[in-house]
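J.: Sharing a structure below in structure tokens format, with a few things to ask.
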Amino acid sequence: MKLLILAGGMSSRMKKAMDSDTSLDPRLIEQANTLPKCMLGIGKNGRPFMDYVLYNASKAGIKEVVLILNPKDTVTQPHYENLTASGNNWGLNIQFARQYIPDNREKPLGTTDAIEQALAQFPSWQDSRFIACNGDNLYPTKAFKLLVDDTHPNAMLDWDTEGYTIERVRNCAIIKKDEEGYLVDLLEKPNDTEWEEIVQTMPRIGISWNIFAFTANKLLPFLEKTPLHPIRNEKEIPVTVRLWANEVLKSIYTIPISDVLPDLTSKNDIAEIQAILEKEYGDF
Numbered sequence: 416m417k418l419l420i421l422a423g424g425m426s427s428r429m430k431k432a433m434d435s436d437t438s439l440d441p442r443l444i445e446q447a448n449t450l451p452k453c454m455l456g457i458g459k460n461g462r463p464f465m466d467y468v469l470y471n472a473s474k475a476g477i478k479e480v481v482l483i484l485n486p487k488d489t490v491t492q493p494h495y496e497n498l499t500a501s502g503n504n505w506g507l508n509i510q511f512a513r514q515y516i517p518d519n520r521e522k523p524l525g526t527t528d529a530i531e532q533a534l535a536q537f538p539s540w541q542d543s544r545f546i547a548c549n550g551d552n553l554y555p556t557k558a559f560k561l562l563v564d565d566t567h568p569n570a571m572l573d574w575d576t577e578g579y580t581i582e583r584v585r586n587c588a589i590i591k592k593d594e595e596g597y598l599v600d601l602l603e604k605p606n607d608t609e610w611e612e613i614v615q616t617m618p619r620i621g622i623s624w625n626i627f628a629f630t631a632n633k634l635l636p637f638l639e640k641t642p643l644h645p646i647r648n649e650k651e652i653p654v655t656v657r658l659w660a661n662e663v664l665k666s667i668y669t670i671p672i673s674d675v676l677p678d679l680t681s682k683n684d685i686a687e688i689q690a691i692l693e694k695e696y697g698d699f
């Protein structure tokens, strides 16, 4: 099974100041201001965050990985090339793509564009089924395994909301599915009226953390036709998935999962995730 990790974003929220005074290591604050989020050395002995994501993926049976990076990223590729050279790459074949930025923009064109560029740079993947996910979420091995083992051509994980604040849930995309478990709609950041309807009509509220299994040749037409978001001016994978589900009934299966997902969004998340890594992983 193949895995594409989206690691080419600008990490704008990570570069903002923290909400309050902190005892966070100044070295980590400096890294948070300069490095890709996924390469913050918040693990034991400064191990980068994405090492843990890749480790979990390898335990789920994934063998081939492409990291889609920002063209200005000079850190990620050398790190994983060094791990591969020393035989410490968890048995993964790790390759690299770049999300090139159009001349008329300062930032990448979004997650849909990242997948589209990665598939263009790895044409052999265009006839494959692969998993796509963020580089700043600590997806557990269980999450990868659910998608590896699932037999539907296209699927996504449907995360329980227990353990999250309402504010956190409302900042995610809410999953609407039919009685057979197929995606019907994705409702991003619902307003008060939409949220009230969700609470009243959905006995279980599920959210997306942007981890999917796609059959590439089925996905490609929807990548191409995804419009720019009217506010963020990016092509975003939740919009692609929503468009696909609306146009093709029963195209994307949803798989329930109950784990609370550590999410590395801002500096305020670093200490909590450090504690999780220390407790659950030690020095793997």
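Under my numbering, the first residue of the sequence shown carries the number 416, and numbering increases by one thereafter.
Here a beta-carbon is modelled for each residue, glycine too, at the ideal position from N, C-alpha and C.
This one's a predicted model, so the numbers in the text were calculated from it and none came from an experiment.
1. Could you say which of Ile444, Leu419 and His644 lies nearest to Ser681 if we only look at CA atoms?
2. Under the rule that 16 or more other beta-carbon atoms within 10 Å means buried, what is Pro677, buried or exposed?
3. Give every residue of the same chain whose Cβ lies closer than 6 Å to the Cβ of Gly423, excluding the five residues on either side of it in the sequence, and list them in chain order.
4. Looking at Gln689 and Ile457, is the spacing between their C-beta atoms short of 7 Å?
5. Only counting runs of 3 or more residues, tell me where the beta strand (DSSP E) segments fall wholly within the region 572-608, in order along the chain.
6. I believe Glu603 touches Thr527 by the beta-carbon criterion, under 8 Å. Please report the beta-carbon distance rounded to the nearest angstrom.
7. Check whether the Cβ atoms of Ala475 and Ala570 lie closer than 7 Å to each other.
8. Could you pull out every residue in the same chain whose Cβ sits closer than 6 Å to the Cβ of Leu692, ignoring the five residues on either side in sequence?
9. Would you check if the region 631-651 and the region 577-595 touch, i.e. whether three or more CB-CB distances between them fall below 8 Å?
10. Is Ser623 helix, strand or coil when you go by DSSP?
11. For Ile622, count the other beta carbons within 10 Å of its own beta carbon; 16 or more makes it buried, fewer makes it exposed. Which is it?
12. By alpha-carbon positions, which one of Arg520, Leu634, Val675 and Asp542 ends up nearest to Trp574?
13. Under three-state DSSP, which class holds Lys557?
14. Can you tell me which residues form a DSSP beta bridge with Pro671?
15. Pull the bridge partners of Asn485 from the DSSP assignment, please.
16. So which of Leu450, Leu455 and Val468 has the shortest CA-CA distance to Glu695?
T.: Taking the geometry as given:
1. If we check each option's Cα against that of Ser681, Ile444 comes out closest.
2. Burial call: buried.
3. Within its own chain, the residues whose Cβ lies closer than 6 Å to the Cβ of Gly423, once the five positions on either side in sequence are excluded, are Ile483, Leu484, Asn485, Gln514, Pro523 and Ala529, listed in chain order.
4. Going by beta carbons, Ile457 and Gln689 fall inside the 7 Å limit.
5. The qualifying runs are 588-592 and 598-603.
6. That belief does not hold up - the Cβ atoms of Glu603 and Thr527 are roughly 14 Å apart, past 8 Å.
7. With contacts defined as CB atoms closer than 7 Å, Ala475 and Ala570 fail to qualify as a contacting pair.
8. Within the same chain, Cβ atoms closer than 6 Å to the Cβ of Leu692 are found at Gly458, the five residues on either side in sequence being excluded.
9. Between the region 577-595 and the region 631-651 there are fewer than three C-beta pairs closer than 8 Å, too few to call the two in contact.
10. In this structure, Ser623 counts as strand in the three-state DSSP scheme.
11. Buried.
12. If we check each option's Cα against that of Trp574, Val675 comes out closest.
13. Of the three classes helix, strand and coil, the one that applies to Lys557 here is helix, per DSSP.
14. Within the DSSP bridge table, the entry for Pro671 names Asp573 as partners.
15. Per DSSP, none; premise fails for Asn485.
16. Minimum Cα distance to Glu695 is reached at Val468.
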